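K.L.:
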Amino acid sequence: SELQDAVFWEAEQYLPFDPSEVSMDYHMISRGKDNRTDVLFVAAKLSVMDGFVGSITDAGLKVKVVDTEYFALQNIFEANYDQRPGEAVALVDIGASTLKLLVVHDGVPVFTKESPMGGRNLTAEIQRQMNLSAADAEALKVSQSRGAVPQEIAEITQVAIENFGTEIRRALDFYNASSSGAPVSYVLLTGGSSQIPDLSKGVEERVGLPTQILNPFARIGYDPKIFSPELIANIAPVVSVPLGYAIRGAAT
């Protein structure tokens with residue numbers, strides 16, 4: 019109880035909201051000989067949580083666990099990949115509107131960063147430069163994974179890849195400068211925008227670290243009578259977070 023009081027009191031000094039508007043929780047990671055305690059702290063606005071919880075209860079279901087996307091990313095990584103002792107890995111989820119980066123070191127999430135950039139930025143740029151509708155711009159962006167596209171689209175996409183890579187590099191530079199954790203060994207990309215052709219290659223060039231696409235089905239099996247290999251390949255980039263949530267739910 020003393021630890022909880024201390025954690026919550028300390029956290030209130032940094033929360034950008036009134037504590038009455040926030041749900042808080044924590045987990046003790048370690049305690050040193052000097053009685054110094056490292057904890058993992060999470061806070062979420064009640065108004066945001068109420069929206070998610072309301073959607074579930076309106077569907078006739080009961081909410082058992084409220085989790086974060088960062089923990090879901092770590093869950094799916096640990097379910098599919100081995101991590102060497104002392105190694106730090108960067109997991110990057112690039113969605114439609116946000117880029118989320120998580121550094122995991124020795125099984126502990128030690129750094130997170132969220133940036134307001136994603137696949138919609140690329141769609142908007144294609145729409146602006148090519149004078150297209152949003153639907154046509156999105157169709158052109160998606161078609162890149164299926165074959166050749168006009169040179170103009172390829173050039174716009176290359177700029178977007180460079181922007182993603184630069185943002186990831188900045189986040190990792192900040193992590194290296196402000197954390198006592200190990201340097202990141204490699205980067206794994208996921209999310210809908212990870213389907214952009216040559217994204218991993220472009221990020222690797224910008225970041226200077228081995229980079230590849232995270233495979234959420236590397237060790238998680240599926241029934242081939244229900245799911246075809248083609249379907250699994252198509253949905254793999256967008257199911258890392260949902261699968262990570264599902265693993266968490268199954269374990270509780």
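Going by the numbering used here, the sequence shown opens with residue 19, and the numbers climb by one from there. Virtual Cβ for every residue (Gly too), placed ideally from N, Cα, C. Nothing here was measured: the structure is a model prediction, and the numbers come from that model.
(1) So, Leu232 versus Ser258, is the Cβ gap smaller than 8 Å?
(2) Are the Cβ atoms of Leu217 and Ile174 separated by less than 8 Å?
(3) Just curious, the beta strand (DSSP E) that Thr274 is in, first and last residue?
(4) Which parts of the stretch 146–183 are runs of the alpha helix (DSSP H), unbroken and 4 residues or longer, counting only runs that do not cross its ends?
(5) By DSSP's criteria, Gln230 is part of a beta bridge. Which residues make up the other side?
(6) My guess is that Gly199 and Val128 are in contact by the Cβ rule of under 8 Å, so how many angstroms apart are they, rounded?
(7) Straight-line CA distance for Asn149 to Tyr263?
(8) If you run the structure through DSSP and keep just helix, strand and coil, what is Val81?
(9) Return the CA-CA distance between Leu227 and Ser19, expressed in angstroms with no decimal places.
(10) Are the CB atoms of Val84 and Met67 within a distance shorter than 8 Å?
(11) Please report the distance separating the alpha-carbon of Gly69 from that of Thr208.
(12) Within the continuous beta strand (DSSP E) that includes Phe129, where are the two ends?
(13) Taking the CB atoms as reference points, tell me whether Phe182 and Ile112 lie closer together than 8 Å.
(14) Would you mind listing the beta strand (DSSP E) stretches within the stretch 45–109 that are 3+ residues and don't spill past its ends, in chain order?
P.N.:
This is what the structure gives:
(1) Working through the sequence shown from its first residue, we reach residue 232 at position 214. Working through the sequence shown from its first residue, we reach residue 258 at position 240. When the beta-carbon positions are compared, Leu232 and Ser258 come within less than 8 Å of each other.
(2) As a working mapping, residue 217 is identified with position 199 in the sequence shown. As a working mapping, residue 174 is identified with position 156 in the sequence shown. No. Outside cutoff.
(3) Look at the range of the chain in this structure, 19 to 270, and you will see that residue 274 is not part of it.
(4) You should have 152–161.
(5) Along the sequence shown, read from residue 1 onward, the residue named residue 230 stands at position 212. Per DSSP, Leu206.
(6) The residue labelled residue 199 in the question sits at position 181 within the sequence shown. The residue labelled residue 128 in the question sits at position 110 within the sequence shown. Their Cβ separation, rounded to whole angstroms, is 5 Å, which keeps Gly199 and Val128 in contact under 8 Å.
(7) Translated into positions along the sequence shown, residue 149 becomes position 131. Translated into positions along the sequence shown, residue 263 becomes position 245. For Asn149 and Tyr263, the distance between alpha carbons rounds to 39 Å.
(8) If you number the sequence shown from 1, residue 81 lands on position 63. The three-state reading of DSSP puts Val81 in coil, since its state is none of H, G, I, E or B.
(9) Against the sequence shown, residue 227 aligns to sequence position 209. Against the sequence shown, residue 19 aligns to sequence position 1. Using only the alpha carbons, I get a separation of about 43 Å.
(10) Position 49 of the sequence shown, counted from the start, is the residue given in the question as residue 67. Position 66 of the sequence shown, counted from the start, is the residue given in the question as residue 84. Yes, the Cβ-Cβ distance between Met67 and Val84 is below 8 Å.
(11) Looking up residue 69 in the sequence shown gives position 51. Looking up residue 208 in the sequence shown gives position 190. Near 26 Å, if we compare the C-alpha coordinates of Thr208 and Gly69.
(12) Numbered from 1 along the sequence shown, position 111 holds the residue referred to as residue 129. For Phe129, the enclosing beta strand (DSSP E) covers residues Val126 to Ser133.
(13) Indexing the sequence shown from 1 puts residue 182 at position 164. Indexing the sequence shown from 1 puts residue 112 at position 94. With respect to Ile112, Phe182 sits close: the two C-beta atoms are nearer than 8 Å.
(14) 55–63, all fully within the stretch 45–109.
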